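Residues -32 to -1, 1 to 591, numbered by mature numbering (1 follows the signal peptide of the UniProt record, and there is no 0), are exactly what the sequence shown covers, in order. We put the beta carbon where it would ideally sit given N, CA and C, even for glycine. Remember, predicted model here, so these are calculated numbers, not experimental data.
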Amino acid sequence: MSRSRLRVRSRAAAILLAAFALVLFGASPAWAHSGLERSDPPNGGVISVGRSALTLWFTEAIAADASTFELHTSDGVRVVVTASVSETDDGGIVRIHTQPLEKATYLLDWKVLATDDGHTSNGSVYFGVGTRPTGVASAAGGLPDLPGLLIRWIDLSAIILGIGAIAVSGRVLGSMGAAGTAPRRRSLLIGALATGVAVVTGALTPFLLTQPGGGSLGDWFDATWATLTGTPWGYLWSGREIALVIAAATLYRAARSRQPGGQLRVAVVALVAVVGLESWAGHASTLPRGSALAVLAAASHLVAAGVWAGGLAILALCLIPLLRRNRDTRGPILASAWRAFSPMAAIATVVLVATGLYEAGLHIPDLNSVASTVYGAVVAGKLVLVAAALILAGINTLLVNPRLAARVGRVLGRSGGWAPVPPRRFAAVVGAEILILVLAVGAAGLLTSVPTAREIASATQQTTLHTATVDGLFVTLEHVAAGPDRSRLIVRARSIVKLEAQPVSDVTVTLAGPTGTTGEVILERIEQGRFEAEIAQPTAGGWNAIVALDRDGLPTAVAQVDWTVAAASPADARPLEVVTSVLAILLLGAMLGVVIVARRRVHAAVAVSFHPVRASENSGSKR
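Given below as structure tokens:
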């Protein structure tokens, strides 16, 4: 290898590391999932007899046609309801209208589809009408539906196999010379079949997400079509499907072609688009900022999984039968294909672990969330699976590299010819590694189907009500987080006298904080007695709010509310995210260092082989 080419590759590796550093330190944590922020009536609350309007506030915009709301009494009697999604608050407010409710306890079951990331959430609100309920509704189960989870598992596995087919069809199988022609075609055919399967599972996914409760088949198709054509997630998913069709077709043509270079390039571009759209349609899409960097991290994680897990599976499917049929060629095949794959798999493994560590810190706020949330528990399980796969990968590396095995054996004090397991067990060890990686892909499918631990923490955080009484009105002011740098002011006003003079028509809030007056904030009427507006996140310190409430034909009622905004706690600094980000950077830096050292050794060896006479002269002069 020439010095200029080595320098170019070293610079490329440095640029790659810099890009990963931007990803690890530039991305923001995912904000709210489509969870229920609050409800009227609240869970466990009481409303008056005859009430016919219920309201749900979600932390993310939802798709109206793909969301369902069902109301029934504690005795199972169903009540007909109609639901509409408000255009205010980015489509996160749902108003439910029903017949005047009689005295009883009711359960409102809801299932919604987020428009940005395509994730579904469900839960219940338990309340009483004219009577206090005996309890509150328990939290919804954290696991998604089994059919959806299986489809997601197959879908991710198929994409990973497609990436693996392209990864090994070039240099790895090409290192076998003429003997690698048939395995290369077989690998591309497997890749084409896998991406075709991903097309089918991708087409089924929207139908599983938009199952209407009690609706007809026509309603189901209408809801799915509205989701695909009317939501950001639908646009991304449709683009992913188109890219998968292109990838499947070009991989099939490449498998049938003697010179597949052009088709492979098109397939690579299509799969890059698939990975990007897949990542953008996931948790990264809920970020208020830094989404592109977060998508890059998620996409790198998926590509690395494809190279390692997908490439290993493709090699096993294409070469292990060949090894069993031709035992005489076992050594040359292992010496060429498996050794060529080892460095590629090693780099992919480091990228996979580094980006996985970063994503874990990004989506898990603290260690307590590991045990208390489904997302945290699955991340821990996936970490164990990847660690087991790495151990098996190390054993396989020693089996196909006798020299490396001999060095390790000398360190361990073993005799010559040492191997961690008998060489005849190579296929069994590879099979075990693939099985563990398949389980890890299943864990990844579950992670992409449930809210992250940080999303749950954001959606369920408690807020403090600040109250005041003025001119016959009971006024409450609440400020809740609406993003990393935004807050929402919520003012409620209700009469404390039986004969209410006039309802409140307009509310204006004047804020004064540690840095001075911020000016007037005009709140928007959401429903009778409730007004909201978004403001910049208040700084830490003491705040004063002057709430002006206008009523037709009456003087403006003015209430003063004081509250304190607490300074960021150590938990807000996200120490787990910082630790995992540093570990990820160290792993990527170590990988870059190893690659540079290895390239320099190869360059030195090539230089000596190009100048044998000069090398011998130097050795003679030293004598």
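Neighbourhood of residue i by C-beta, 7 Å cutoff - its chain only, sequence neighbours within 5 removed
{"i": "Leu239", "result": "Gly130, Ile131, Ile134, Ala215"}
{"i": "Val376", "result": "Leu366"}
{"i": "residue 630", "result": "Residue coverage of the chain in this structure runs from -32 to 591, which leaves residue 630 outside it and unanswerable."}
{"i": "Leu124", "result": "Val409, Ala412, Gly413"}
{"i": "Ser143", "result": "Ser304, Ala305, Ala308"}
{"i": "His269", "result": "Leu320, Thr323, Gly324, Glu327"}
Separation of residue j from residue i, as counted between CA atoms
{"i": "Ser463", "j": "Arg519", "result": "12 Å"}
{"i": "Gln505", "j": "Arg120", "result": "38 Å"}
{"i": "Leu177", "j": "Leu117", "result": "11 Å"}
{"i": "Ala32", "j": "Thr41", "result": "24 Å"}
{"i": "Leu335", "j": "Ala313", "result": "30 Å"}
{"i": "residue 595", "j": "Leu204", "result": "There is simply no residue 595 to check, as the chain begins at -32 and stops at 591 in what is shown."}
{"i": "Val45", "j": "Ala345", "result": "37 Å"}
{"i": "Ala82", "j": "Ala501", "result": "22 Å"}
{"i": "Ala357", "j": "Ala322", "result": "15 Å"}
{"i": "Pro390", "j": "Ala308", "result": "22 Å"}
{"i": "Arg6", "j": "Thr432", "result": "13 Å"}
{"i": "Val165", "j": "Ala235", "result": "16 Å"}
{"i": "Ile494", "j": "Gly244", "result": "38 Å"}
{"i": "Ala223", "j": "Thr163", "result": "14 Å"}
{"i": "Gly98", "j": "Leu264", "result": "53 Å"}
{"i": "Thr192", "j": "Ala126", "result": "23 Å"}
{"i": "Val49", "j": "Phe189", "result": "21 Å"}
{"i": "Thr199", "j": "Ala29", "result": "10 Å"}
{"i": "Ser340", "j": "Pro333", "result": "12 Å"}
{"i": "Gln470", "j": "Ala34", "result": "39 Å"}
{"i": "Ala171", "j": "Arg378", "result": "55 Å"}
{"i": "Glu545", "j": "Met559", "result": "21 Å"}
{"i": "Ala(-15)", "j": "Ser549", "result": "Its pLDDT being 45, under 50, Ala(-15) is placed unreliably in this model, and the value from its coordinates should be taken loosely. Going by the C-alpha atoms only, they are around 13 Å apart."}
{"i": "Val465", "j": "Pro419", "result": "44 Å"}
Spatial neighbours of residue i in its chain, beta-carbon cut-off 6 Å, leaving aside the 5 residues before and after
{"i": "Ala277", "result": "Ile128, Leu405"}
{"i": "Leu290", "result": "none"}
{"i": "Pro(-4)", "result": "Bear in mind that a pLDDT of 33 at Pro(-4), under 50, signals an unreliable position, so the number given afterwards is only what the model happens to contain. Leu330, Arg422, listed in sequence order."}
{"i": "Thr478", "result": "Glu488, Ile514"}
{"i": "Ala395", "result": "Ile288"}
{"i": "Thr476", "result": "Glu488, Ile490, Ala516"}
{"i": "Gly18", "result": "Pro68"}
{"i": "Leu232", "result": "Ala222"}
Neighbourhood of residue i by C-beta distance below 8 Å, restricted to the same chain and skipping five residues each side
{"i": "Lys350", "result": "Gly324, Ala408, Ala411, Ala412, Leu415"}
{"i": "Ser20", "result": "His65, Thr66, Gln67, Pro68, Leu69"}
{"i": "Thr532", "result": "Gly509, Gly510, Trp511"}
Member of the options whose CA lies at the smallest distance from the CA of residue i
{"i": "Ala373", "options": "Ile359, Pro388, Thr432", "result": "Pro388"}
{"i": "Thr524", "options": "Asp474, Ala266, Val48", "result": "Asp474"}
{"i": "Gly202", "options": "Ala249, Thr437, Arg139", "result": "Ala249"}
{"i": "Trp511", "options": "Arg493, Pro482, Glu488, Arg498", "result": "Pro482"}
{"i": "Leu445", "options": "Ile564, Leu380, Arg498", "result": "Arg498"}
{"i": "Lys79", "options": "Phe442, Gly229, Phe37", "result": "Phe37"}
{"i": "Ile359", "options": "Val398, Asp113, Val234, Val526", "result": "Val398"}
{"i": "Asn369", "options": "Leu380, Gly385, Val167, Ser549", "result": "Gly385"}
{"i": "Leu285", "options": "Leu75, Val136, Val318, Ser340", "result": "Val136"}
{"i": "Glu209", "options": "Val168, Arg233, Thr420", "result": "Val168"}
{"i": "Gly60", "options": "Thr341, Asp43, Thr23, Ser92", "result": "Thr23"}
{"i": "Val318", "options": "Ala160, Gly561, Val459", "result": "Gly561"}
{"i": "Leu157", "options": "Leu219, His87, Pro419, Ser417", "result": "Leu219"}
Residue i, DSSP secondary structure in three states
{"i": "Ala534", "result": "coil"}
{"i": "Ile464", "result": "coil"}
{"i": "His434", "result": "strand"}
{"i": "Gly132", "result": "helix"}
{"i": "Thr23", "result": "strand"}
{"i": "Thr524", "result": "strand"}
{"i": "Ser304", "result": "helix"}
{"i": "Thr507", "result": "coil"}
{"i": "Thr197", "result": "helix"}
{"i": "Leu261", "result": "helix"}
{"i": "Thr66", "result": "strand"}
{"i": "Ser89", "result": "strand"}
{"i": "Arg100", "result": "coil"}
{"i": "Ser(-5)", "result": "Confidence is the limiting factor: at Ser(-5) the pLDDT is only 34, short of 50, which leaves the residue's position unreliable and the question unanswerable from this model."}
{"i": "Val(-10)", "result": "Residue confidence for Val(-10) is low, a pLDDT of 38 falling below 50, so the modelled location carries little weight; the figure read from the coordinates is stated next. Here Val(-10) sits in helix by DSSP."}
{"i": "Glu28", "result": "coil"}
{"i": "Arg226", "result": "coil"}
{"i": "Gly18", "result": "coil"}
{"i": "residue 593", "result": "Limits of the chain in this structure are -32 at one end and 591 at the other, which puts residue 593 out of reach."}
Cutoff 8 Å: residue i Cβ touching any chain B Cβ
{"i": "Arg221", "result": "In the displayed structure, chain B is absent; only one protein chain is listed."}
Exercise for the section: Note down, one range per segment and in chain order, each alpha helix (DSSP H) of at least 4 residues found wholly within the segment 331 to 401. Expected result: Unbroken alpha helix (DSSP H) runs of no fewer than 4 residues, entirely contained in the segment 331 to 401, are found at 336 to 340, 342 to 368, 370 to 379, following chain order.
Problem - Uninterrupted alpha helix (DSSP H) stretches inside the segment 33 to 64 (no shorter than 4 residues) - result: Counting only runs of 4 or more, we get nothing.
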